[in-house]
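Letter by letter, the sequence shown follows residues 2 to 287 of my numbering.
Virtual Cβ for every residue (Gly too), placed ideally from N, Cα, C.
Structure first, commentary second.
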Amino acid sequence: MSDQLVQIGGHGRGFGATTRADNWWIGPTLTFLGLSAFIVYASWAGMQGAYYWADPYLSPMYAPLLFVDPSAPGSAPLDHAWFGEFPSWWYALDGVLPGLPKRALTTPAALILIFPAAFRLTCYYYRKAYYRAFALTPPACAVQGIREGKYRGETHLLLFQNLHRYALYFALVFIVILAYDALVSFFKDGQFGIGVGSIVQTINAILLAGYTFGCHSLRHLIGGRKNWMTCDGGKASTHHRLWLGCSRLNGKHMLWAWLSLFWVGFTDFYIRMVSMGVITDLNTWD
Ligand code: FES
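Structure representation (structure tokens):
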């Protein structure tokens, strides 16, 4: 064995040192590209403050719609906002940070994106993903990262990750709101119908529910703190069934995480394109 391959915990010293012979770098590279693309798109879309509404569709990046700026193109009607129009002082924030486009700080998305962002940021799966792909500490199993030192886990700077269980409570509320928005997307001017946008919004709510209901914290909340679960005549109790369902989703949590992430971006993109008149929504109303 060469000098460089001084074995510490099964791998050599120096960034990227490993005895692995597979293409371990593909996973972190794809993760880096995928998450970067989503962060760039979501930031851009959230800062637009416009074209997030195409009757009866509402972009999930703007839901729940607390306030609206009715002067923005492609904005939802006033009566779709929980609290109506933004208070007048809100518009003064525009231009506070030079270089940002108009409405970048006064967009309705600015009020709500922190909740899904916090949920994803502290998700057990995403932690693994971005620790590896962005922080490279380490980039993969049995591969030396950029830092060599004592492993301190999530005890100091990363202690905030423990907030995940609280972010979950908000995420559960968001699922109800997005499910309601998906339902509303089947009604235009009070008339039932189906459009491509209705289907896109419904899939979005389902994928986000699959991701959220498979959350590790939710699984713990349902059954992780119990030493046993009661059974009724050999049949699983409701409680046990809920825990089994959550566990089943949890087993594919990474898949749900990626599918729901992609679909949120796609849903916003689709509604934005319809709102801007770039594409025509196929539906039963027109
Ligand atoms: S662990 Fe991923 S959403 Fe909770």
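Got a sec, what are the start and stop residues for the alpha helix (DSSP H) M277 sits in?
As a working mapping, residue 277 is identified with position 276 in the sequence shown. From DSSP, the alpha helix (DSSP H) with M277 extends over H254 to M277.
Nearest neighbour of A118, chosen from A168, K253, R21 and G35 [CA to CA]
As a position in the sequence shown, residue 118 is number 117, starting the count at 1. Comparing Cα positions, the closest option is A168.
Coil, strand or helix - L137 by DSSP:
Taking the first residue of the sequence shown as position 1, residue 137 is located at position 136. L137 falls in the coil class under three-state DSSP.
Grab the span of the alpha helix (DSSP H) containing W229 for me, first residue to last.
Residue mapping note: residue 229 aligns to position 228 of the sequence shown, counting from 1. Note, W229: premise wrong, no alpha helix (DSSP H); not H, not E.
In terms of residue numbering, what span does the alpha helix (DSSP H) encompassing R220 cover?
If you number the sequence shown from 1, residue 220 lands on position 219. From DSSP, the alpha helix (DSSP H) with R220 extends over H217 to R220.
Where the alpha helix (DSSP H) containing Q202 begins and where it ends:
As a first step, residue 202 is located in the sequence shown; it is residue number 201 there, counting from the start. That run of the alpha helix (DSSP H) goes V197 to T213.
Local Cβ density within 10 Å of T281, reported as buried at 16 or more and exposed below that:
In the sequence shown, counting from the first residue as 1, residue 281 sits at position 280. Its Cβ having fewer than 16 others within 10 Å, T281 is exposed.
Contacts around P61, its chain only, beta-carbon distance under 7 Å, and the 5 residues preceding and following it disregarded:
Here the question's residue 61 lines up with position 60 in the sequence shown. The answer, listed in chain order, is L179, N205, V265, T268 and D269.
Excluding five sequence neighbours on each side, which residues of the same chain lie with their C-beta closer than 7 Å to the C-beta of L137?
Within the sequence shown, residue 137 is the residue found at index 136, counting from 1. The answer, listed in chain order, is G146 and I147.
Measuring straight from C-alpha to C-alpha, what distance separates I272 and Y58?
For this step, residue 272 is matched to residue 271 along the sequence shown. For this step, residue 58 is matched to residue 57 along the sequence shown. Roughly 7 Å between the two C-alpha positions.
In this structure, how does DSSP classify Q49 when only helix, strand and coil are distinguished?
Here residue 49 refers to the residue found at position 48 when the sequence shown is read from its first residue. Three-state result, Q49: helix.
Determine the DSSP secondary structure at N296, reduced to helix, strand or coil.
Nothing in the structure corresponds to residue 296, since the chain is present only between 2 and 287.
In chain order, what residues of the same chain have a beta carbon less than 7 Å from the beta carbon of Y63, not counting five sequence neighbours either side?
Taking the sequence shown and counting its residues from 1, one reaches residue 63 at position 62. If we look at Y63 and ignore the five residues flanking it on each side, its Cβ neighbours are Y53, P109 and A110.
What did DSSP end up calling N251 once you bin it into helix, strand or coil?
Here residue 251 is taken as the residue at index 250 of the sequence shown, counted from 1. Here N251 sits in helix by DSSP.
So which of D80, F84 and A105 has the shortest CA-CA distance to Y92?
For this step, residue 92 is matched to residue 91 along the sequence shown. Nearest C-alpha to Y92: A105.
Run through DSSP, which three-state label would V69 get?
Start at 1 with the first residue of the sequence shown, and residue 69 comes out as number 68. Strand, per DSSP.
Given this structure, state the Cα-to-Cα distance separating A82 from L66, to the nearest angstrom.
The residue labelled residue 82 in the question sits at position 81 within the sequence shown. The residue labelled residue 66 in the question sits at position 65 within the sequence shown. Distance between the alpha carbons of A82 and L66: 5 Å.
Name the one or two DSSP bridge partners that R83 has.
Numbered from 1 along the sequence shown, position 82 holds the residue referred to as residue 83. For the record, residue 83 in the displayed sequence is Trp; it is not Arg. DSSP lists no partner for W83.
Mind reading off the beta-carbon distance from G196 to L283? Whole number of angstroms is fine, and I expect it under 8 Å.
Taking the sequence shown and counting its residues from 1, one reaches residue 196 at position 195. Taking the sequence shown and counting its residues from 1, one reaches residue 283 at position 282. G196 to L283, Cβ: 7 Å. Contact.
Per DSSP, which residues does Q192 bridge with? Please list them.
One-based indexing of the sequence shown puts residue 192 at position 191. Bridge partners of Q192: K189.
In this structure, how does DSSP classify W54 when only helix, strand and coil are distinguished?
Along the sequence shown, one-based indexing puts residue 54 at 53. Correct three-state label for W54: strand.
How many angstroms separate the CA atom of H254 from the CA atom of Y132?
Mapped onto the sequence shown, residue 254 falls at position 253. Mapped onto the sequence shown, residue 132 falls at position 131. One C-alpha to the other measures close to 17 Å.
Y126, buried or exposed, once every other Cβ within 10 Å from all chains shown has been counted against 16
Taking the first residue of the sequence shown as position 1, residue 126 is located at position 125. Per the 10 Å Cβ criterion, buried.
Straight-line CA distance for I200 to P78?
For the purposes of this step, residue 200 is identified with residue 199 of the sequence shown, where counting begins at 1. For the purposes of this step, residue 78 is identified with residue 77 of the sequence shown, where counting begins at 1. Straight-line Cα distance between these residues: approximately 22 Å.
Look at the Cβ atom of A172, then the Cβ atom of F120, and state whether they are nearer than 7 Å.
Residue numbering aside, residue 172 sits at position 171 when the sequence shown is read from its first letter. Residue numbering aside, residue 120 sits at position 119 when the sequence shown is read from its first letter. Taking 7 Å as the Cβ cut-off, A172 and F120 qualify as a contacting pair.
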